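**Q** My questions will all concern the structure given below.
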Amino acid sequence: MGSEALIVRKPRFLCLHGFRTSGAILQKQIETKWHRSVLEKIDLVYPDAPFTAQGKSDVEGIFDPPYYEWFQFNKEFTSYTNFDECLAYIEDIIIKQGPFDGLLGFSQGAILSAGLPGLQAKGVGLTKVAKIKFLIIIGGAKFRSESVAEKAYSSPIQCPSLHFLGETDFLKPYGLELLESCVDPVVIHHPKGHTIPRFDEKGLETMLSFLERIQKMLAEEQEKELYNKEDALEA
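Below is the structure:
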């Protein structure tokens, strides 16, 4: 049976929004800025983080409330509060709304997304759900909490990952540092700051190529599963 006999689904991503924003805000930014040719090739789900914002949001006056945060941290970003609760909440979303092939994250959501494959591999979180296969990281960085980071990056991030790096993004140096922990990173550079960027011609080409590649990987995986089922039935 050839792969043309399979109904290949689109890659499905759980999208983790930025600090003190919301799923609806991230959805609005992506759907108004990203090219239709990208949005047609990917399924995106936008939950809100578990905790209501415990302070002023940077997007106040630009986007309407409510605003949410995934976890809290001290001024040095080295100590986290409600982090285990955050991991359990994400796992629960995946169980109820999944399966998902990958994670897309912006800002705090990007830091979380990039660290979750390592935490999952260590058995720290997402132990009841399928392995994260792909990452799309926008304005990301590494965890700064030593206790979390030593588990998240104890071995290189193996899954294919796409990273957006903004020329004037205050997190750019930390985004570059994150790349060093990734085995298979693809990078889209853009001239903006800490935001969801629009695509230039080269960026769009890179994005579509990444999506095509992961779609092919999913199709191959689907075909393999089908053959295994057929072999089991014939046995």
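Everything in the sequence shown is counted per numbering that gives the first Met the number 0, starting at 0 for the first residue and increasing by one. Ideal Cβ placement from N, Cα and C applies to all residues, glycine included. In this text, all values refer to a predicted model and were calculated from it rather than measured experimentally.
(1) For residue 6, which three-state DSSP category applies?
(2) Go ahead and label residue 122 buried or exposed: buried means 16 or more other beta carbons lie within 10 angstroms of its beta carbon, across all protein chains shown.
(3) Across which residues does DSSP place residue 71 in a beta bridge pair?
(4) How would you write the range of the alpha helix (DSSP H) that residue 35 sits in, first residue to last?
(5) Grab me the residues of residue 75's own chain with a C-beta within less than 8 Å of its C-beta, minus the 5 sequence neighbours each way, in chain order.
(6) Quick one: any contact between the stretch 42-51 and the stretch 82-95, if contact means 3 or more CB pairs under 8 Å?
(7) Just the C-alpha distance for residue 2 and residue 222, rounded to the nearest angstrom, thanks.
(8) Return the bridge partner residues of residue 186 from the DSSP annotation.
(9) Does DSSP put residue 211 in a helix, in a strand, or in coil?
(10) Taking 8 Å as the limit between beta carbons, can you name the residues of its chain near residue 177, skipping five residues before and five after?
(11) Just verifying my parser: in three-state terms, what is the DSSP assignment at residue 205?
(12) If I measure Cβ to Cβ from residue 158 and keep anything under 7 Å in the same chain, skipping five residues before and after, which residues do I get?
(13) Can the beta-carbon of residue 44 be found closer than 7 Å to that of residue 107?
(14) Find out if the Cβ-Cβ distance for the pair residue 67, residue 56 is shorter than 7 Å.
(15) Quick one: what does DSSP say residue 42 is sitting in, helix, strand or coil?
(16) Residue 189 and residue 196 - do their beta-carbons sit closer together than 7 Å?
**A** In short:
(1) Walking along the sequence shown from the start, residue 6 turns up at place 7. Coil.
(2) Translated into positions along the sequence shown, residue 122 becomes position 123. By the 10 Å Cβ count, residue 122 comes out exposed.
(3) Indexing the sequence shown from 1 puts residue 71 at position 72. Secondary-structure assignment with DSSP links residue 71 through a beta bridge to 80.
(4) On the sequence shown, residue 35 is found 36 positions in, with the first residue counted as 1. Counting along the chain, the alpha helix (DSSP H) containing residue 35 begins and ends at 35-38.
(5) The residue given as residue 75 occupies position 76 in the sequence shown. The beta carbon of residue 75 lies closer than 8 Å to those of 143 in the same chain, with the five residues before and after it left out.
(6) The stretch 82-95 and the stretch 42-51 touch, with three or more beta-carbon pairs separated by less than 8 Å.
(7) On the sequence shown, position 3 is the one that residue 2 refers to. On the sequence shown, position 223 is the one that residue 222 refers to. With a pLDDT of only 44 at residue 2, under the threshold of 50, the placement of this residue in the model should not be trusted, and no figure is reported.
(8) Translated into positions along the sequence shown, residue 186 becomes position 187. DSSP, once it has assigned bridges, lists 162 as partnering residue 186.
(9) The residue you call residue 211 lines up with position 212 of the sequence shown. Note: residue 211 maps to helix in three-state DSSP.
(10) Here the question's residue 177 lines up with position 178 in the sequence shown. If you ignore the 5 residues before and after residue 177, its C-beta comes within less than 8 Å of the C-beta of 113, 136, 139, 140, 141, 162, all in its own chain and listed in chain order.
(11) On the sequence shown, residue 205 is found 206 positions in, with the first residue counted as 1. In the structure shown, residue 205 falls within a helical segment according to DSSP collapsed to helix, strand and coil.
(12) Your numbering for residue 158 matches position 159 in the sequence shown. By the criterion of a C-beta distance shorter than 7 Å, residue 158 is surrounded in its chain by 116, 131, 132, 133, 134, once the five residues flanking it on both sides are discounted.
(13) Taking the first residue of the sequence shown as position 1, residue 44 is located at position 45. Taking the first residue of the sequence shown as position 1, residue 107 is located at position 108. No.
(14) For the purposes of this step, residue 67 is taken as the residue at position 68 of the sequence shown. For the purposes of this step, residue 56 is taken as the residue at position 57 of the sequence shown. No, they are not a contact pair.
(15) Translated into positions along the sequence shown, residue 42 becomes position 43. Assigned with DSSP and collapsed to three states, residue 42 falls in strand.
(16) For the purposes of this step, residue 196 is identified with residue 197 of the sequence shown, where counting begins at 1. For the purposes of this step, residue 189 is identified with residue 190 of the sequence shown, where counting begins at 1. Against a cut-off of 7 Å, the Cβ pair of residue 189 and residue 196 comes out as a contact.
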